[in-house]
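Trainee: In the numbering used here, the protein residues as written are 39 to 181. Glycine included, every Cβ here is placed at the ideal spot set by N, Cα and C. Please read all numbers here as calculations on a predicted model, not as lab measurements. One structure, pasted below without further comment.
The following block contains the structure:
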């Protein structure tokens, strides 16, 4: 039978990367994640367009931090310029999917995400489980 596990790339195997909440969305703390490539850990850049923490501020007398400004990952660095933004929806802590199969660029154009990228088919209201609504993108448009 077909399963998500079969359709997921087996190499490289990557660890989850640290995120912070910002306006109800998880954004990457850094634009890199650690993956095993040929049995060795290696830092891999997150995809360009991933939202990231550009600037943090401390709160509660320095006991915690919050996101002050969001940037965009570009070649492994978090830059201030916001273009081709990907909106991530939180499924459960530490796991989020793209809101759509396309991302908006510069207010006028859009770009399709790579085939196999997990994105939401539809969202639900609070009280329903979201996990069952996750869909693997194919060449068909998300709806």
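Once the 5 residues before and after residue 106 are set aside, which same chain residues still bring their CB inside 7 Å of it?
Mentor: 93, 94, 95
Trainee: Got a sec? Which residues, its chain only, sit under 6 Å from residue 148 by beta carbon, not counting five neighbours each side?
Mentor: 140, 142
Trainee: What does a CB cutoff of less than 7 Å around residue 118 pick up in its chain, not counting 5 residues either side in sequence?
Mentor: 92, 109
Trainee: Are residue 88 and residue 57 closer than 7 Å when you measure CB to CB?
Mentor: no
Trainee: Measure the Cβ-Cβ separation of residue 64 and residue 134 and say whether it is below 7 Å.
Mentor: yes
Trainee: Looking only at its own chain, which residues have a Cβ that is under 6 Å from the Cβ of residue 178, when we skip the five neighbours before and after it?
Mentor: Note that residue 178 scores 31 on pLDDT, short of 50, meaning its location in the model is unreliable; the coordinates nonetheless yield the value given after this. Close CB contacts of residue 178 within its chain, under the 6 Å cut and outside five residues either way in sequence, are absent.
Trainee: Starting from residue 83, follow its DSSP beta bridges and name the residues at the other end.
Mentor: BP columns for residue 83 point to 70.
Trainee: Quick check: what's the CA-CA separation for residue 60 versus residue 157?
Mentor: Distance from the CA atom of residue 60 to the CA atom of residue 157, rounded to whole angstroms, is 19 Å.
Trainee: Taking residue 113 and residue 83 to be in contact with their CB atoms under 8 Å, please state how far apart those CB atoms are, rounded to whole angstroms.
Mentor: 6 Å
Trainee: Can you look up residue 159 in the DSSP assignment and give me helix, strand or coil?
Mentor: coil
Trainee: Could you give the DSSP three-state label for residue 133: helix, strand or coil?
Mentor: Note: residue 133 maps to strand in three-state DSSP.
Trainee: How long is the line joining the alpha carbons of residue 79 and residue 70, rounded to whole angstroms?
Mentor: Going from the Cα of residue 79 to the Cα of residue 70 covers about 12 Å.
Trainee: Taking all protein chains shown into account, decide if residue 104 is buried (16 or more other Cβ within 10 angstroms of its Cβ) or exposed.
Mentor: Residue 104 counts as exposed, since fewer than 16 other C-beta atoms from the protein chains shown sit within 10 angstroms of its C-beta.
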